[in-house]
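Before any comments, here is the structure.
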Amino acid sequence: MLAPERNAELLEAEQLILDTVRKLVRDKVAPRAAEIDAKGEYPKDIRDLFAQNDLFGVPFPEEYGGLGSFLIYVKVVEEVAKACASSALIIAVQELGALPIMIAGTDAQKKKYLPKMATGELMTSYALTEPTSGSDAANMRTTAVRDGDSYVLNGTKVFITNVAVADVCIVFAMTNKELGPKGVSAFICHTDDPGFKLGKVEHKMGIKGSPTNEVVLDNCRIPADRLLGSEGEGFKIAMKTLDKSRPGVAAQGLGIAQGALDFAAAYLKDRVAFGKPLSKQQGLQWMVADMDLDVQSARLLLYEAARKCDEGADDVTYWGALCKLKCGDVAMKVSTDAVQLLGGYGYMTEYPVERMMRDAKITQIYEGTQQIQRIVIARQILGK
Ligand code: COS
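Residues 4 to 387 (the working numbering) make up the sequence shown, in order.
So this is what it looks like as structure tokens:
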């Protein structure tokens, strides 16, 4: 439990921040969402707005310039995702790339990077996945070899969100291939380090406003003091990061679902068929009630997971997986139902629900597929 004074302080902060975010979303994000999707454009203007309004710092510890609240952070991501999942991802990825430093950084590393990440002066990214190791993350091939005061990294990472617009990228690489997961180490790379190269740009079904790239590490040489933790600790750092970043993706999914439900409900009240608004048709009322039940249940799980992160609970692995699984599935189901409720119009790009349905799909895949979440949950209950 948080101390009562801290709780009161955070409740007040939450009110202020969410009012600001709702206004920003209404005035600046929502009007741009369709265009961002159609052009596949990274919304730098929206990134700047988030930075100006201190939104990146919300989950960062107070001593590094943040607010220190995961609960408010997930609510911010949710609000933005109601209108634009790509914009919400800018905030979520900033947390993802900063988490390894929060979790395993030395004091010097934390002081150097976290305050600038909290303000958005430095943007981050996270490179774990490789062409042949996605779910089986420990099976990576990228290597890091110590050479005097440096490490030299070689390998290819794929599907790296926002690396093309990042200053920093947390890279996981094998320092000892023989040791499996215990041979993985984590490094703070800068995207302008020698040998750090952007590979091909991926073309995606949704979240088109976030650039996704391959990263080629071609004798990428970095100072040895950019190792996070000790050699061999990288896999645990990666997993602990995902425990706390999965709620961010869950929040994105929840926001998409709520946005799609809100739009469909307004449409049903407006659209007349068979002599009355569609909202008077019992079959459609029942669909809406089920969609709402899904959204509200997902929200309860997510907020509980975020509270666990805030309290430093020892079961964040379990709650992170639970909320990601639920919110991702709800995002997909509710957005698909929203398309159905709009009929032919739902399928047209003139209306936002087809975009929401395309954007929802990734929340069932990235940050660990829904199948991986089930493995994580089952292992917490049954043991490995
Ligand atoms: N926190 C701390 N340590 C963890 C951990 C966690 N959440 N999860 C695993 N570990 C530890 C284990 O305890 C084990 O250490 P010990 O041998 O000292 O006990 C070590 O890490 C290896 O774990 P495990 O044997 O469970 O590894 P597996 O290869 O079986 O993989 C899964 C586990 C499948 C859960 C993992 O590979 C995973 O999450 N994959 C999905 C990756 C992913 O989400 N990718 C998305 C792209 S990144 S945006």
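A virtual CB, placed ideally from N, CA and C, is assigned to each residue, including glycine.
For residue i, three-class secondary structure by DSSP
i	result
T127	coil
A37	helix
C87	coil
F190	strand
S72	coil
F199	strand
P280	strand
V61	coil
S300	helix
L385	helix
L345	coil
E353	coil
S136	strand
Distance between beta carbons of residue j and residue i, contact taken as under 8 Å
i	j	result
G100	A169	7 Å
A363	L305	The pair is not a contact, with the Cβ atoms about 15 Å apart (cut-off 8 Å).
A268	V298	In fact, because the Cβ distance is near 11 Å, the residues do not count as touching under 8 Å.
V141	V187	A small fix is needed here, since residue 141 is Ala in this sequence, not Val. So it is a contact: roughly 6 Å between Cβ atoms.
G262	M359	6 Å
Y350	V342	6 Å
C312	K247	5 Å
P103	I173	5 Å
R229	F199	That belief does not hold up - the Cβ atoms of R229 and F199 are roughly 12 Å apart, past 8 Å.
Boundaries (first-last residue) of the beta strand (DSSP E) holding residue i
i	result
G158	153-164
T215	215-226
I210	Counting along the chain, I210 falls outside any beta strand (DSSP E), and DSSP gives it neither H nor E.
M4	Taken as a continuous stretch (DSSP letters only), M4 belongs to no beta strand (DSSP E), as it is neither H nor E.
A176	171-177
Reference residue i; option with closest CA among the options
i	options	result
Q374	P64, G386, G331, I20	G331
G123	E44, D48, K247, S233	D48
R149	V291, L52, D340, E234	E234
D57	K85, A36, P34, E17	E17
Q55	L27, S153, T164	L27
V96	M143, D139, L13, L245	L245
E133	Y116, S153, K160	K160
A241	T127, T135, A107, A334	A107
F53	G256, F63, T23	T23
M105	S90, L92, A121, I94	A121
K78	L201, A301, D228	A301
L328	K247, P64, T372	T372
L325	E307, V342, D313, M335	E307
G251	V32, E82, D40, D295	E82
I75	L13, G278, D51	L13
A176	K239, V166, C87, G151	K239
E353	I259, A147, F266	F266
I368	S153, P184, M208, L117	M208
A381	W322, I173, P355	W322
K114	E66, A88, V275	E66
T366	G68, R377, A88, A6	A88
A130	S138, T164, L117	T164
V319	R35, K283, F73, N179	F73
E236	E370, K185, P197, L5	K185
I210	D30, G386, K42, Y348	K42
P226	Y348, S153, P214	S153
Residue i, enclosing alpha helix (DSSP H) - first and last residue
i	result
R50	47-55
T146	Per DSSP, T146 belongs to no alpha helix (DSSP H); it is in the beta strand (DSSP E), 146-150.
E357	356-365
Y270	237-273
A121	110-122
Heavy atom of the ligand HEM within 7 Å of residue i beta-carbon
i	result
E133	The ligand HEM is absent from the structure shown, which contains only the ligand COS.
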